[in-house]
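Colleague: Next up is a structure, given as structure tokens.
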Amino acid sequence: MEHNKEKKLRYVRSGNEWFDARRFKGKWDDMKYFNDKEAILLNLEEKTEKELLKKLGRKSKPQIIIVDGVDGVGKSTIVENIIKRLKEKDDLKIIFNKFKRRRNDDKRFEEPSKEYEWLFRKQVVEEINRRIVEFTDEDIIILDKSPYCEYFYQKTKSFDRGYITPYGNHKMEKEIFKYKDIIDNAIIIFLENKECWNNYIGRETKKSNEGHKTSYETLNEEEYMDMVKMFKEHQNIYENKGKYKRIKIKNDDKSWKKVYKRVKKIIGKIK
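So, in structure tokens, the structure goes:
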């Protein structure tokens with residue numbers, strides 16, 4: 001994909017900060033290659049960040065906000081309201097990419113198969129990862145889906161239905177964790193909603209009645225609640241607890257304000 005063809009430079013991590021490897025002396029904990037847009041999203045050492053901002057022609061770095069949670073929890077509604085408030089009240093430039101891989105994009109994916117299901121799911125995650133790194137001069141990059149959601153799905157009993165081989169799973173996980181170092185520097189809001197099952201089955205039933213073909217089989221209630229459990233049990237995958245918040249919401253027109261206030265509070269601490 002185009003964003004991966006840009007020149008990548010070597011960065012090293014010491015502690016929780018990333019440095020331009022060309023000017024780092026001493027022992028480092030990790031080493032990776034990033035292009036400029038990927039690198040600016042990392043938790044950079046001050047001098048490295050200033051030089052990269054100058055190179056990109058920016059005054060400040062963009063902040064990623066990922067609103068995470070199971071299908072049906074209410075992410076889309078929350079995100080729409082937060083974007084509106086951040087634009088109108090805070091005068092911030094927002095990008096909300098919606099890149100998505102659908103089964104009907106490729107004939108190989110139209111029906112789940114052992115040969116191609118891993119590739120379809122890998123490409124689903126690739127499109128979510130594109131949402132992170134495709135931006136221009138925006139202040140905020142917001143996502144209503146985390147690349148890690150596929151990792152949470154993997155933990156459910158109903159995940160592969162016999163379609164995913166161990167090697168396919170390995171290839172998927174490589175893509176899932178491709179931007180872990182960037183996600184560790186993002187604001188993560190994990191939503192919970194007691195009505196999520198009713199929201200999910202209502203939406204899926206409506207789609208089915210209208211003749212829409214979904215990318216995944218509709219889960220029954222037991223399978224769905226297993227997914228809810230796996231999402232909750234594996235939230236420790238997000239390691240930066242200072243920029244992470246779990247928030248309970250309802251099907252109302254007020255919950256988004258709670259999320260917005262939390263986002264603003266975290267942004268305030270960063271600045």
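Numbering-wise (the UniProt record's numbering), the sequence shown opens with residue 1 and increments by one.
We put the CB at the ideal spot given by N, CA and C, even for glycine.
Only a predicted model underlies this, so the values are computations on that prediction, with no experimental measurement involved.
#1: Can you tell me which of Tyr200, Glu239, Asn209, Asn16 puts its alpha carbon nearest to the alpha carbon of Asn220?
#2: For Asp36, does the three-state DSSP call read helix, strand or coil?
#3: Which one or two residues does DSSP pair with Leu44 in a beta bridge?
#4: May I ask you to report which of helix, strand or coil DSSP gives Glu192?
#5: Can you list, in chain order, the stretches of the beta strand (DSSP E) that have 3 or more residues and sit fully within the region 144-201?
#6: Using the beta-carbon count (16 or more within 10 Å), is Ser208 buried or exposed?
#7: Can you tell me where the beta strand (DSSP E) with Asp68 in it begins and where it stops?
#8: Please go through the same chain and pick out, in chain order, the residues whose beta-carbon is closer than 7 Å to the beta-carbon of Asp105, but skip the five residues on each side of it.
#9: Which full runs of the beta strand (DSSP E) of 3+ residues lie inside the region 225-253, going along the chain?
#10: Below 6 Å CB to CB, which residues in the same chain sit around Gly268 once its five sequence neighbours on both sides are set aside?
#11: State the DSSP-derived secondary structure class of Tyr216, mapped to helix, strand or coil.
#12: Assuming Arg13 and Asp36 make a contact with CB atoms under 8 Å, what is their CB distance in whole Å?
#13: Just list the residues that DSSP pairs Tyr11 with in beta bridges.
#14: On the DSSP bridge list, what partners appear for Ile82?
#15: Which residues does DSSP pair with residue 297 in a beta bridge?
#16: Do three or more CB pairs link the region 190-206 to the region 122-141 at distances below 8 Å?
#17: Count the other CB atoms, across all protein chains shown, that sit within 10 Å of the CB of residue 278; report buried if there are 16 or more and exposed otherwise.
#18: Would you decide whether Pro166 is buried or exposed? Buried here means 16 or more other CB atoms lie within 10 Å of its CB.
Modeller: From the atom records:
#1: Tyr200
#2: helix
#3: Trp18
#4: strand
#5: 187-192
#6: exposed
#7: 63-68
#8: none
#9: 244-248
#10: none
#11: coil
#12: Actually they do not touch by this definition, with Cβ atoms about 17 Å apart.
#13: Asp20, Lys32
#14: Per DSSP, none; premise fails for Ile82.
#15: The first residue shown for the chain is 1 and the last is 271, placing residue 297 beyond what the model contains.
#16: no
#17: There is simply no residue 278 to check, as the chain begins at 1 and stops at 271 in what is shown.
#18: exposed
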